[in-house]
Every structure is written in C-alpha cells, then in structure tokens.
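A.B. asks: In UniProt numbering, the protein residues as written are 1 to 88. Provided herewith is a single structure, encoded as structure tokens, for subsequent inquiry.
As structure tokens, this is what we get:
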C-alpha cells in the first residue's frame, strides 16, 4: 500500500472525515503534517498543491486533494485501486 500523507490541523472536521473514510478503506497509517503546529508546513503544502485549505491528501505521489475530492474518488471507484498501488 502506498504511503498516505495528509496535511491537516487539529480542529478540522473534514480531516477527521477523511481519516475515517481512509480507515474504512483499509488504511492503517496516515502520516499527518499539522500545518497549525509546524511553522512553514502550510507554505510547503500550498507550494505542493496550489491550495490553502486542509486536508490535502497524497496517496503515494498522487495528490488526491481535499475531503470532497477523496470522497468523489471513492464514489467513482478510484480510491481502492489507488490504495492498492495501481495507477489512478
């Protein structure tokens, strides 16, 4: 399974919903980058994604986007194959 990385904050309900969805799809480990605690990490996230909001989710090298993007990918049947390491 590819590494899952999520830029998040401590009080973000969408981050919690994203974690729940990923866990329902078998993800047991999420590398969390807290942009509210680590100075400079929000700028890193913005330069990598072009977005300012959290969560921003990467599965392997693929930028999935935020919770709405993750949920849409799941509904379209693309999340499980991506988590299995198959190309999106």
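We put the beta carbon where it would ideally sit given N, CA and C, even for glycine. As the structure is a computational prediction, the values presented were derived from the model and not from experiment.
Note the first and the last residue of the continuous beta strand (DSSP E) segment covering residue 5.
C.D. replies: Residue 5 -> beta strand (DSSP E) spans 4-8.
A.B. asks: Let me know if residue 80 comes out buried or exposed under the rule of 16 or more other beta-carbons within 10 Å of its beta-carbon.
C.D. replies: Exposed.
A.B. asks: Quick one: Cα of residue 85 to Cα of residue 54, how far?
C.D. replies: The straight-line gap from Cα to Cα measures roughly 24 angstroms.
A.B. asks: What does the alpha-carbon distance come out to for the pair residue 56 and residue 50?
C.D. replies: Cα-Cα distance, rounded: 10 angstroms.
A.B. asks: Comparing C-alpha positions only, which one of 37, 36, 22 sits nearest to residue 2?
C.D. replies: Nearest option by C-alpha distance: 22.
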